[in-house]
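For the sequence shown, this note's numbering gives the first residue as -2, with consecutive numbering after it. What follows is a short report on a single structure.
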Amino acid sequence: MTSHDALPRTARAAVSHGRGRLSGRLVLVNLSIPAAPVALILAGLLVTGGETNLQVLITLGSLLLACLVVCGISLARWLTTRYRLTAERFELRSGLFLRSRRTIPINRIRAVDLTANPVHRIFGLTTLRIDADGQGAPAGRGLRLDGLTKADAAELRRLIIERRDRDHARNAADGDGLVSELDRSWIRYAPLTVWGVGSVLAGAGSVYRTLHEMKIDPLELGVVQDLVSRFGSVPLWYGVLLATLAVAALGVACSTATFIESWSGYELRRTEGGVLRIRRGLLATRSVTIEEDRLRGVELIEPIPLRWAKGAKLNAVAGGLGDREENRRRRALTPPIPRDEALRVAAEVLPDAVSPEERNLLTRDGLAPHPRAALRRRINRALTAAIAIAAVPVGLGLWLDPALVTIGWITGLALAAALTALAYDAYRTLGHAVRGRYLAIAGGAFAHRTVVLRREGIIGWNITRSPFQRRAGLLTLGATVSAGDGVYKVRDVSVARGLALAEAAVPGMLAPFLERDPAAGR
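Written out as structure tokens, the structure reads:
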């Protein structure tokens, strides 16, 4: 066990009395949930001009009832949750009717993160999340303590990490300090993230479905009728242009607002014990820890149109970040930033990449190119997609209006030119190399992805060949790692070069599965 003075107030109770209760202020946070349906009721009355019907009342009443149920469940969880921190393990008990007790050995804990949503921040609270090694759904979900004060959560995290690392001798001063922090000029990259427009369209679809469930026709709303009266008589092309510009403007605003909320206060720091800590967030603060011992590499992502502005994003390929979906949310090392800055950060977080050749792998300079057959495959796919899309208006034109035939072949020619150019770009991006301790893999069409993996982190190879690849003498070689996306693929490489690459990266791993061809002498 441990002494009382070394623990925060809640943890001291856990050690001295065998249990610890979460902060009572958590009740206030959960009881604030019913404010959401009240806001929905007011918004609904505003949209409908104060008119309601039975369907509207049933829908809003259902939302209010659901929020009250959630509030009751949260209150019961607060009343029944206990936790205990000892020198060997962390224990959590919870549940009123379905009781649960979980124990995590201290030496199996891999990450301890802090997150605070806007309501938590109002009351000075935060959520502590513990991730550990293991298999199955409970290990993937991790363990959460919701409603701790900021001071108690920070102290509890410090104690957990300190005890976990007590048997691992590390040089705490080696490389400690700030790696990267937010530069306000980076906000210029926010509008270049393409998902902003998609979020606007998804939001519009959600609003339409909600109004439809309330038996409200969006086309009969006063705002929509006013827009129809103003622009109903304009030419179709002009209306489409205005709608496209409006959606693009909303997408830019949404992307910028999301960037500000997600990355305000961003800081990437190497802390004591060989841990990378990313802190960010304006309304909801997030603090993610990544052990350098669990870091298997980094991934540089350059999507269109971010790469046109010479920008990029950097992700960690690391274990201990939860399941696949949680890993996608927590693996970001940087926001969209200048590409040179991303390369600098990558070199900083790979401390054992000492040679210039290893540090420059992400630039894709000197990577081995792929055979011309890979280019032909991409051009064939591009032309097939262009023909398939153009066939729709052509088919309708043959059936309905000959003018659509002209639109179809013009669309096909334009798409063929654009997609062929994209195919050439995707082929130029392909590459691979083994240098020092690392394997580099590059590829991608709409988003260029360059991943650099530690060779000792590769635990297997996944080789696939489609019928078309077999005809072209190609294969896809997948490097399997216990981190990140799990498999990182070298696409459309020749058979001889792909097998040679696997042997060079991890000697002897593929040897038991290869058969020699006596006729070819190999």
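Note that CB positions come from ideal geometry on N, CA and C, so glycine has one too. The structure displayed is predicted, hence computed values, not measured ones.
Sort out for me which residues DSSP pairs residue 300 with in a bridge. As a working note, residue 300 is residue 303 in the sequence shown. Per DSSP, 444.
Quick check: the Cα distance between residue 232 and residue 241, rounded to an integer number of angstroms? Taking the first residue of the sequence shown as position 1, residue 232 is located at position 235. Taking the first residue of the sequence shown as position 1, residue 241 is located at position 244. Rounded to whole angstroms, residue 232 and residue 241 show a C-alpha spacing of 14 Å.
With a CB to CB cut of under 8 Å and the five nearest residues on each side skipped, what residues in its chain are close to residue 509? One-based indexing of the sequence shown puts residue 509 at position 512. For residue 509, where only same-chain residues beyond five positions count, there are no Cβ hits under 8 Å.
Whole alpha helix (DSSP H) runs in the segment 327 to 351 with 4 or more residues, listed along the chain? Runs found: 336 to 346.
On the CB-based measure, 16 or more other CB atoms within 10 Å of its CB, does residue 470 come out buried or exposed? Counting from one through the sequence shown, the residue named residue 470 turns up at place 473. Exposed, because fewer than 16 other Cβ atoms sit within 10 Å of the Cβ of residue 470.
Please specify which runs of the beta strand (DSSP E), each continuous and at least 3 residues long, are wholly inside the segment 479 to 514, giving them in chain order. The beta strand (DSSP E) runs of length 3 or more contained entirely in the segment 479 to 514 are, from start to end of the chain, 484 to 491.
What residue does the alpha helix (DSSP H) around residue 377 start on, and which one ends it? Within the sequence shown, numbered from 1, the residue matching residue 377 stands at position 380. For residue 377, the enclosing alpha helix (DSSP H) starts and ends at 369 to 396.
What separation, rounded to the nearest whole angstrom, lies between the Cα atoms of residue 115 and residue 278? Reading the sequence shown from its first residue, position 118 is the one you call residue 115. Reading the sequence shown from its first residue, position 281 is the one you call residue 278. For the pair residue 115 and residue 278, the Cα-to-Cα distance works out to about 10 Å.
Reference residue 520, options 284, 112 and 66, closest by Cα: Any answer about residue 520 is impossible in this case: the structure gives the chain only from -2 up to 519.
Are the segment 286 to 298 and the segment 99 to 112 touching by the rule of at least three beta carbon pairs closer than 8 Å? Judged by Cβ distances under 8 Å, the segment 286 to 298 makes contact with the segment 99 to 112, as three or more pairs qualify.
Return the CA-CA distance between residue 371 and residue 496, expressed in angstroms with no decimal places. As a working mapping, residue 371 is identified with position 374 in the sequence shown. As a working mapping, residue 496 is identified with position 499 in the sequence shown. A direct Cα-to-Cα measurement between residue 371 and residue 496 gives close to 17 Å.
What residues are listed by DSSP as bridge partners for residue 143? What you label residue 143 is simply residue 146 of the sequence shown in a count that begins at 1. Note: residue 143 is bridge-paired with 124 in the DSSP secondary-structure output.
I'd like to know if the segment 410 to 420 and the segment 253 to 266 are in contact, where contact means that at least 3 CB-CB pairs between them fall below 8 Å. As far as the Cβ criterion goes, the segment 410 to 420 does not touch the segment 253 to 266, which means the pair count is below three.
Assuming residue 189 contacts residue 302 (C-beta within less than 8 Å), just tell me the rounded distance between them. On the sequence shown, position 192 is the one that residue 189 refers to. On the sequence shown, position 305 is the one that residue 302 refers to. At roughly 5 Å, the Cβ-Cβ gap stays under 8 Å, so residue 189 and residue 302 are in contact.
Could you pull the DSSP bridge partners for residue 421 from this structure? Against the sequence shown, residue 421 aligns to sequence position 424. Assignment of beta-bridge partners to residue 421 by DSSP yields no partner.
Tell me the DSSP bridge mates of residue 460? Taking the sequence shown and counting its residues from 1, the one referred to as residue 460 is at position 463. When beta bridges are read from the DSSP output, residue 460 appears opposite 474.
Starting from residue 81, follow the beta strand (DSSP E) in both directions and report where the run begins and ends. In the sequence shown, the residue the question calls residue 81 occupies position 84. DSSP places residue 81 in the uninterrupted beta strand (DSSP E) bounded by 79 to 82.
Using 7 Å as the threshold, is the C-beta distance between residue 448 and residue 456 below it? Here the question's residue 448 lines up with position 451 in the sequence shown. Here the question's residue 456 lines up with position 459 in the sequence shown. Contact: no.
Just confirm the distance between the C-beta atoms of residue 478 and residue 440, as a whole number of angstroms; I'd bet it's less than 8 Å. As a position in the sequence shown, residue 478 is number 481, starting the count at 1. As a position in the sequence shown, residue 440 is number 443, starting the count at 1. About 16 Å separates the Cβ atoms of residue 478 and residue 440, ruling out a contact at the 8 Å cut-off.
Give the C-beta separation of residue 160 and residue 101 to the nearest angstrom, bearing in mind that I take them to be a contact with Cβ-Cβ under 8 Å. Within the sequence shown, the letter at position 163 stands for residue 160. Within the sequence shown, the letter at position 104 stands for residue 101. In fact, because the Cβ distance is near 12 Å, the residues do not count as touching under 8 Å.
Compute the beta-carbon to beta-carbon distance between residue 183 and residue 300, rounded to the nearest angstrom, for a pair I have assumed lies under 8 Å. Translated into the one-based positions of the sequence shown, residue 183 becomes position 186. Translated into the one-based positions of the sequence shown, residue 300 becomes position 303. Your pair residue 183 and residue 300 does not check out as a contact, with CB atoms roughly 16 Å apart and the cut at 8 Å.
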